[in-house]
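Here's the structure we're looking at; comments come further down.
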Amino acid sequence: MSKPSCICSGRALPGIPLVAMAVLTLAGVWAACTHSPHPAGSVFRDCPACPEMVIVPPGAFVMGSPATEKGREADEGQHAVTIGHSFAVSKGPVTWDQWEECVRSRACDGASVEAALRLDRDGTPTGNLADPPRGHHPVTGVSWLDARDHIRWLNDRTGEGTYRLLSESEFEYAARAGSTTVYGWGDQPSHEHANYGEDAAGEMGGKAEGRDRWENSTSPVCSFPANPFGLCDMYGNVYQWVEDCYEPDGARLPADGSAVENGDCSVRGFRSNSFESTEVTLRSANRAYVYAPDTRGRGYLGFRVAKTLR
């Protein structure tokens, strides 16, 4: 499948239906095309311990969900977003192997994350998700602050200072990858495309079906096909922290795709969904939840990194 790219003179972005283009054009925010020095779909790695990064093209999309979408929440109001620059996104969520490199460098607090995974939400010991799969599985149990520590370590390793978390808008843009359907691959949930739980709304718990062979467990990163932008696990496996301070009205998220920095910063958001979640939270527009930035021990929550391109 060819990689989407920005198209000049008002022509279509490949993979984005004309109806979505019309909405964006009427909103007056259709992206102006620039000749980017960063070819969309290119893959690079800055250092042996750094994640594999994929260049995502600039573009415009309609964020949120229509009122008719099953499972839609009130905070998913549709609005046009234009991302006028290429940026890079890690191909998958950060893995345990990558996290432990940071721990060994003493830049990340592995001991506190391990301890938190063995405690319930009220601080009492629990056996639930106490020993998640490691190696190439996504790291879990980390806080937003832990994710920032890992990013600081990457920036120190590369000397560039350009690694960061995705904004909430960037995450949905990268997940949709030009699609306007309920899920990135179509309007029906599919265990061929993501590691998630029960199909019935309200029924939590893992489920093994089709390509999804993992029940109540994370899957190794990129066990499912990449989307048209070349990114894996944008749906399912683990929830992933984003940069934004909390904004309760999704329609008020910045139209330029940047992160909210002046909302309720006592909590931070995350996107995607996890191996135990339902088809409702698997949707592209689902805004997940918010936690305090120091929240650890959630065995379904990890992160991926982005990079500003210069």
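Under the working numbering, read the sequence shown as residues 1 to 310, first letter to last.
In this text, a Cβ means the ideal position worked out from N, Cα and C, and glycines have one as well.
Thinking C-alpha only, which one of the options is nearest residue i?
| i | options | result |
| --- | --- | --- |
| R298 | I55, P138, S169 and N286 | P138 |
| D256 | G41, L282 and P58 | P58 |
| F224 | G250, V260, Y289 and F275 | F275 |
| K70 | Q188, A49, P248 and D109 | Q188 |
| V56 | C232, N286 and R283 | C232 |
| H193 | F229, D75 and G236 | G236 |
| S86 | D120, C265 and H38 | H38 |
| D120 | V103, R296, R148 and C102 | R296 |
| G230 | E172, A67 and K91 | K91 |
| V238 | T82, L253, L301 and C245 | L301 |
| S258 | R45, G141, S272 and Y173 | Y173 |
| T140 | F270, Y163, T180 and I83 | F270 |
| A306 | L165, V290 and N155 | L165 |
| N273 | D97, P93 and A40 | P93 |
| E198 | A147, W99 and V280 | V280 |
Apart from the five residues just before and just after residue i, which ones in its own chain have a Cβ nearer than 6 Å to its Cβ?
| i | result |
| --- | --- |
| H136 | T95, P220 and V221 |
| N155 | G161 and Y163 |
| V260 | D244, C245 and E247 |
Residues bridged to residue i by DSSP?
| i | result |
| --- | --- |
| Y183 | G186 |
| F44 | M53 |
| K307 | A88 and Y163 |
| D264 | Y246 |
| K240 | What sits at residue 240 in the sequence shown is Gln, not Lys. Paired residues: R271 and G302. |
| D212 | E209 |
Can you list, in chain order, the residues of its chain with a C-beta nearer than 7 Å to that of residue i? Leave out the 5 residues immediately preceding and following it.
| i | result |
| --- | --- |
| D294 | S143 and L145 |
| W153 | C102, S105, A107 and C108 |
| A292 | S266 and V267 |
| P66 | Q78 |
| V290 | Y246, V267, R268 and G269 |
| M234 | A174, A175, G184, N227 and S272 |
Compute the Euclidean distance between the alpha carbons of residue i and residue j, then round it to the nearest angstrom.
| i | j | result |
| --- | --- | --- |
| G178 | N216 | 30 Å |
| R134 | F303 | 15 Å |
| A175 | F61 | 11 Å |
| E101 | P125 | 27 Å |
| T218 | N195 | 7 Å |
| Q78 | V182 | 13 Å |
| D264 | P248 | 9 Å |
| F171 | G184 | 12 Å |
| E52 | Q240 | 17 Å |
| V242 | C47 | 23 Å |
| S277 | D122 | 22 Å |
| K3 | V113 | Low confidence applies here, because K3 scores a pLDDT of 43, under 50, leaving its location unreliable and the question unanswered by this model. |
| S42 | T68 | 37 Å |
| R252 | D244 | 12 Å |
| W311 | V89 | No answer is possible for residue 311: it lies beyond the span of the chain, which begins at 1 and ends at 310. |
| A111 | L117 | 10 Å |
| A115 | D131 | 11 Å |
| E76 | T308 | 26 Å |
Using C-beta distances below 8 Å, list every residue in its chain close to residue i, excluding the 5 sequence neighbours before and after it, in chain order.
| i | result |
| --- | --- |
| D149 | C102, A107, C108 and D109 |
| T158 | D46, C47 and C50 |
| M63 | Q78, H79, A80, V81, S169, E172, Y173, G250, L253 and A285 |
At least three beta-carbon pairs within less than 8 Å, the segment 271-287 to the segment 71-84: The segment 271-287, when compared against the segment 71-84, does touch it at the 8 Å Cβ threshold.
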